[in-house]
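Numbering-wise (numbering that gives the first Met the number 0), the sequence shown opens with residue 0 and increments by one.
From the three backbone atoms N, C-alpha and C, an ideal C-beta is built for every residue, glycine too.
Predicted, not measured: the structure shown is a model, and the values here were computed from it.
Notes for the one structure printed next.
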Amino acid sequence: MEHSWILMIAMLGHVLCVYADRLLLCTPGGIFSYSDIKDNKRMAKLFTTKPESEPLRSIILGTLAMFMQFFGYLVLGIWMRPYSALWANIMIVGAAMIYTFGLAHHVLGCAAEWIYIKSDHTEKGRKLTADFFGKTSAVMIGCYAGIILFSIAHFIPVVTGMTPLPAWACVFNLLPLFLVQAPFNIPGAGNIAGAVMYLGLFILFLI
Numbered sequence: 000m001e002h003s004w005i006l007m008i009a010m011l012g013h014v015l016c017v018y019a020d021r022l023l024l025c026t027p028g029g030i031f032s033y034s035d036i037k038d039n040k041r042m043a044k045l046f047t048t049k050p051e052s053e054p055l056r057s058i059i060l061g062t063l064a065m066f067m068q069f070f071g072y073l074v075l076g077i078w079m080r081p082y083s084a085l086w087a088n089i090m091i092v093g094a095a096m097i098y099t100f101g102l103a104h105h106v107l108g109c110a111a112e113w114i115y116i117k118s119d120h121t122e123k124g125r126k127l128t129a130d131f132f133g134k135t136s137a138v139m140i141g142c143y144a145g146i147i148l149f150s151i152a153h154f155i156p157v158v159t160g161m162t163p164l165p166a167w168a169c170v171f172n173l174l175p176l177f178l179v180q181a182p183f184n185i186p187g188a189g190n191i192a193g194a195v196m197y198l199g200l201f202i203l204f205l206i
């Protein structure tokens with residue numbers, strides 16, 4: 000694969016985004032889950048001692064990380080084109096969805112957390128946060144739709160032998176790598192999946 004080094008840049012972007020996700024989701028009181036937003040006692044326990052600077056740092060680092068990642072997805076879409084223009088185009092559309100809706104999702108999620116911390120962990124603050132997050136949830140849906148679209152368009156050509164990669168290389172794909180982690184509620188699981196995918200593909204392209 001030409002310019003396979005870009006895959007390593009994307010991998011490093013995913014590693015950096017794991018850190019940004021952990022800044023957002025890991026608190027002195029435990030790991031935040033989206034279901035916690037319904038219970039202010041749980042929210043207050045999680046965020047009472049969390050510095051307000053952490054969600055802001057997560058915005059900056061997450062934006063840089065996603066900038067680094069995007070080129071890897073674009074390169075994979077371009078690489079797919081000689082084997083299937085259809086799947087390549089779907090991959091590129093999926094990548095564009097991930098990195099427009101996904102960046103907005105990350106920034107808005109960080110902003111929602113910052114609002115709650117700045118409101119001194121009150122019930123009013125929880126309601127503001129829940130309302131803000133709920134009214135902007137369309138960007139989250141767009142991001143996950145892009146991930147599914149990209150993953151399917153990447154998986155099918157590989158597993159069916161349309162590309163030079165062995166069929167088993169289909170495991171180096173966002174969706175299966177994420178689903179393996181899903182039962183464990185690991186902060187940054189999607190970005191861990193992305194880092195493993197790019198490392199695996201980089202090694203395969205070198206062989």
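Per DSSP, reduced to three states, the secondary structure at Thr26 is strand. Cβ-Cβ distances below 7 angstroms link Tyr115 to Met42, Phe46, Gly124, Arg125, Thr128 in the same chain, with the five nearest sequence neighbours on each side left out; the list follows chain order.
If you look at Ser150, you'll find it in the alpha helix (DSSP H) that goes 136-158. The segment 65-81 and the segment 130-138 do not touch, with fewer than three beta-carbon pairs separated by less than 8 angstroms. Going by DSSP, Trp113 is part of the alpha helix (DSSP H) stretching over 84-117.
Rounded to the nearest angstrom, the gap between the Cα atoms of His105 and Trp86 is 27 angstroms. The three-state secondary structure of Lys37, taken from DSSP, is helix. With a threshold of 16 other beta carbon atoms within 10 Å, Trp113 meets it and is buried. Here Leu164 carries a coil assignment [DSSP, helix/strand/coil].
Selection His153, Ser57, Cys169 evaluated against Ile89 yields His153 as nearest (Cα-Cα). A residue is called buried once 16 or more other Cβ atoms fall within 10 Å of its Cβ, and Thr26 is buried on that count. In the three-state scheme derived from DSSP, where H, G and I count as helix and E and B as strand, Glu1 is classed as coil. Here Met96 is actually not in contact with Ala19; their C-beta atoms are around 20 angstroms apart, not less than 8 angstroms.
Within its own chain, the residues whose Cβ lies closer than 7 angstroms to the Cβ of Phe177, once the five positions on either side in sequence are excluded, are Ala188, Gly189, Ala192, listed in chain order.
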